[in-house]
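Single-structure report; data block below.
In full-length UniProt numbering, the protein residues as written are 1 to 93.
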């Protein structure tokens with residue numbers, strides 16, 4: 001079952017010309033899906049590539065901490081962790 005909980009805004013590094021990286025606020029829709037959580041960036045395909053984000057970040061909570069379903073080497077774990085901090089502050093987790 002797919003249940004949207006809220007939308008959060010997270011600072012995400014974007015690559016620009018010359019390899020310069022800037023932080024941009026990105027909105028993510030937050031869902032609970034069959035025993036795990038999903039963060040879906042509200043970006044088009046070109047923006048996903050610039051931000052180096054997949055269309056969906058999936059994770060579970062273990063001992064109060066997020067664990068990416070992509071494994072321990074998920075390069076976007078920092079986005080999940082930042083979102084979890086906000087979601088806990090807003091009492092959605």
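Think of the CB as a built atom: it goes at the ideal place given N, C-alpha and C, for glycine as much as any other residue. Note that the structure is predicted; figures quoted are calculated from it, not measured.
Exposed unless 16 or more other CB atoms sit within 10 angstroms - verdict on residue i
i: residue 63; result: exposed
i: residue 100; result: Absent from the model: residue 100. The displayed extent of the chain is 1 to 93, so no value can be given.
i: residue 60; result: exposed
i: residue 20; result: exposed
Sub-7 Å separation of residue i and residue j beta-carbons
i: residue 127; j: residue 65; result: The requested residue 127 does not occur in the structure, where the chain is confined to residues 1 to 93.
i: residue 25; j: residue 9; result: yes
i: residue 76; j: residue 57; result: yes
i: residue 2; j: residue 33; result: yes
i: residue 27; j: residue 6; result: no
Straight-line Cα distance separating residue j from residue i
i: residue 81; j: residue 35; result: 18 Å
i: residue 84; j: residue 91; result: 10 Å
i: residue 18; j: residue 49; result: 16 Å
i: residue 153; j: residue 23; result: Because the chain in this structure spans residues 1 to 93, residue 153 falls outside the shown range and cannot be described.
i: residue 88; j: residue 12; result: 19 Å
Helix, strand or coil at residue i according to DSSP, with G and I counted as helix
i: residue 16; result: coil
In chain order, which alpha helix (DSSP H) runs of at least 4 residues are fully inside the segment 28 to 82? 45 to 51
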